[in-house]
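Step one of this worksheet: look at the structure below.
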Amino acid sequence: MTHALITQDHIDTFQAEGVVLIKGLFAAHVDQLAAGIERNMAEPGPYAAENLKPGQAGRFFDDYCNWTRIPEFEDVIRRSPAAEVAADLMRSSRSQIFHDHVLVKEPGTSKPTPWHQDGPYYFVSGRQTVSFWSPVDPVTQATLRCVSGSHLWPKPVLPTRWLNEDDFYPDPEAYMPVPDPDAEGMVIREWEMAPGDAVAFSYDILHGARGNTSDSRRRAFSVRFVGDDARYVERPGPTSPPFPGHNMQSGDRLREDWFPVIFDR
Numbered sequence: 314m315t316h317a318l319i320t321q322d323h324i325d326t327f328q329a330e331g332v333v334l335i336k337g338l339f340a341a342h343v344d345q346l347a348a349g350i351e352r353n354m355a356e357p358g359p360y361a362a363e364n365l366k367p368g369q370a371g372r373f374f375d376d377y378c379n380w381t382r383i384p385e386f387e388d389v390i391r392r393s394p395a396a397e398v399a400a401d402l403m404r405s406s407r408s409q410i411f412h413d414h415v416l417v418k419e420p421g422t423s424k425p426t427p428w429h430q431d432g433p434y435y436f437v438s439g440r441q442t443v444s445f446w447s448p449v450d451p452v453t454q455a456t457l458r459c460v461s462g463s464h465l466w467p468k469p470v471l472p473t474r475w476l477n478e479d480d481f482y483p484d485p486e487a488y489m490p491v492p493d494p495d496a497e498g499m500v501i502r503e504w505e506m507a508p509g510d511a512v513a514f515s516y517d518i519l520h521g522a523r524g525n526t527s528d529s530r531r532r533a534f535s536v537r538f539v540g541d542d543a544r545y546v547e548r549p550g551p552t553s554p555p556f557p558g559h560n561m562q563s564g565d566r567l568r569e570d571w572f573p574v575i576f577d578r
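All residue numbers for the sequence shown refer to our numbering, where the first residue is 314 and numbers rise by one.
The structure is reproduced here in C-alpha cells:
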C-alpha cells in the first residue's frame, strides 16, 4: 500500500523521469516550516551561505544540516508523511534521513540557482534517493526546474561552487560539463506551487531555479532521504555536506545514529 497522497503513476513517473510533483505533502506543516526557517535565518549554522556577490541585488540565503537543532524541522521530518512517501517513490522498505536544506530568495534576487546535480556533492551512492523541495510561499517565478531523465545519464555533471563558480573537485575530467538545458532543448519539468506542495527528485537529477524578481519572498525547505541500496562512497575531495568524523568506509550503509531511519515497513 502506498501513502494516500500518491498513486502508482507518481511512482512510475519518479522512476522514469527522476522527478514528480507531490501536491500537499507538507500542507499541514507550512506554518511550522516557516517558523523553522525564520529560526534558521536568525541562528545560522556553520554551513550557512549568502550566495550573492557584492553589488548583486536581493538576498539568497541557504543553510543545511540543522534538523537536529531546530525543533520545528525535526518534528516535521518525523511526523509528516515525507519519509513514507519517500520510501514509496524509491521502492524501498525504509527511509533514512540524509539532511535538511533551507533556501531563501528575498524579493528582487535575480541570481538563479545554478544547474547542478546533488549526487556528486554527496558521499552517497545508490539509485534509491529522493529529495523533497517545498515552498512555504506561493511560487510562480522562482520555482524548481528539473531536467527529465537526467538521473539516468551515464556520466555525472561537474559540481561547482555556487558563489565562486569554480570546480568543486580537482579532477573535472571525471565529470561532464554543466549543460545549458534551455539552449540545448532539454525537457524541463517545473510547476507553479502552493505552500506545502513538494517536488520530489532523485539526487542525480540536473536541477536549478530561477531568480526571484517578484515582490514576494521565496522560502523553501528541502529534506533528503536514502533507501535500501544507499552506501557510503569516497569522492575526489571533501563532500558537501562534509559530516566530519563520520568514520564510514566505502560500501557501508549510512550510520543510523547520525542518519536515523524515519520510516520502516
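By construction, the Cβ of each residue, glycine as well, lies at the ideal position given by its N, Cα and C atoms. What you are looking at is a predicted structure, and each value in this text was computed from that prediction instead of being measured.
Beta-carbon contacts of A362 that lie in its chain and below 6 angstroms, excluding the five residues immediately before and after: Translated into positions along the sequence shown, residue 362 becomes position 49. Only residues of its own chain outside the window of five on either side were considered, and among them D375 have a CB closer than 6 angstroms to the CB of A362, listed in chain order.
Span of the alpha helix (DSSP H), counted from its first residue to its last, around H464: Looking up residue 464 in the sequence shown gives position 151. Annotation: H464 is outside any alpha helix (DSSP H) and is labelled neither H nor E by DSSP.
Residue burial classification, A329 (beta-carbon count within 10 angstroms, cutoff 16): Residue numbering aside, residue 329 sits at position 16 when the sequence shown is read from its first letter. Its Cβ having fewer than 16 others within 10 Å, A329 is exposed.
Q409 - containing beta strand (DSSP E), residue span: The count along the sequence shown starts at 1 and reaches residue 409 at position 96. R407 to K418 is the span of the beta strand (DSSP E), which, as asked, contains Q409.
CB contact flag (L465, E503, <8 angstroms): Taking the first residue of the sequence shown as position 1, residue 465 is located at position 152. Taking the first residue of the sequence shown as position 1, residue 503 is located at position 190. No.
Residue range of the beta strand (DSSP E) that includes T426: Here residue 426 refers to the residue found at position 113 of the sequence shown. Taken as a continuous stretch (DSSP letters only), the beta strand (DSSP E) holding T426 covers T426 to H429.
Start and end residues, beta strand (DSSP E) containing D375: Start at 1 with the first residue of the sequence shown, and residue 375 comes out as number 62. Element bounds for D375: F373 to Y377.
Rounded Cβ spacing between F538 and I410 (contact assumed at less than 8 angstroms): Reading the sequence shown from its first residue, position 225 is the one you call residue 538. Reading the sequence shown from its first residue, position 97 is the one you call residue 410. Between F538 and I410 a beta carbon distance of about 6 angstroms is seen, short of the 8 angstroms cut, so the two are scored as contacting.
Cutoff 6 angstroms; reference S408; Cβ partners in own chain excluding five residues on either side: As a working mapping, residue 408 is identified with position 95 in the sequence shown. The answer, listed in chain order, is A396, A399, A400, F538, I575 and F576.
Whole-Å CB distance - S438 paired with R544, under 8 angstroms assumed: Taking the first residue of the sequence shown as 1, we reach residue 438 at position 125. Taking the first residue of the sequence shown as 1, we reach residue 544 at position 231. Rounded to the nearest angstrom, the Cβ distance from S438 to R544 is 5 angstroms, consistent with a contact under 8 angstroms.
Where the alpha helix (DSSP H) containing P555 begins and where it ends: Taking the first residue of the sequence shown as 1, we reach residue 555 at position 242. Per DSSP, P555 belongs to no alpha helix (DSSP H) and is neither H nor E.
Classification of Q345 by the beta-carbon crowding that lies within 10 angstroms, buried from 16 upward: For this step, residue 345 is matched to residue 32 along the sequence shown. It counts as buried.
L334, enclosing beta strand (DSSP E) - first and last residue: Your numbering for residue 334 matches position 21 in the sequence shown. Looking at the DSSP string, the run of the beta strand (DSSP E) that includes L334 is V332 to I335.
Minimum C-alpha distance to S463 - residue among H429, P573, E351 and A340: On the sequence shown, residue 463 is found 150 positions in, with the first residue counted as 1. Of H429, P573, E351 and A340, the residue nearest in Cα terms is H429.
As assigned by DSSP and simplified to three states, the class of L471: On the sequence shown, position 158 is the one that residue 471 refers to. In the structure shown, the three-state DSSP call for L471 is coil.
Segment contact flag, the stretch 512-519 with the stretch 445-453, C-beta cutoff 8 angstroms, min 3 pairs: Yes: at least three Cβ pairs fall under 8 angstroms.
Start-to-end residues for the alpha helix (DSSP H) that takes in I390: Looking up residue 390 in the sequence shown gives position 77. Run containing I390: P384 to R392, per the alpha helix (DSSP H) assignment.
Residues bridged to A499 (per DSSP): Position 186 of the sequence shown, counting from 1, holds the residue named residue 499. The displayed chain sequence assigns Met, not Ala, to residue 499. Paired residues: none, contrary to the question.
Under 8 angstroms between C-beta atoms of G550 and Y482: As a working note, residue 550 is residue 237 in the sequence shown. As a working note, residue 482 is residue 169 in the sequence shown. It is a contact, given that the beta carbons lie within the stated cut-off.
Contact check, G521 vs K424, beta carbons under 8 angstroms: Here residue 521 refers to the residue found at position 208 when the sequence shown is read from its first residue. Here residue 424 refers to the residue found at position 111 when the sequence shown is read from its first residue. Their beta carbons are not under 8 angstroms apart, which means G521 does not touch K424 by this criterion.
Residue nearest to V333 in terms of C-alpha spacing, selected from H342, Q321, A340 and R568: If you number the sequence shown from 1, residue 333 lands on position 20. The candidate whose alpha carbon is nearest that of V333 is Q321.
Among M354, T552 and S563, nearest to F373 - alpha-carbon criterion: Within the sequence shown, numbered from 1, the residue matching residue 373 stands at position 60. The candidate whose alpha carbon is nearest that of F373 is M354.
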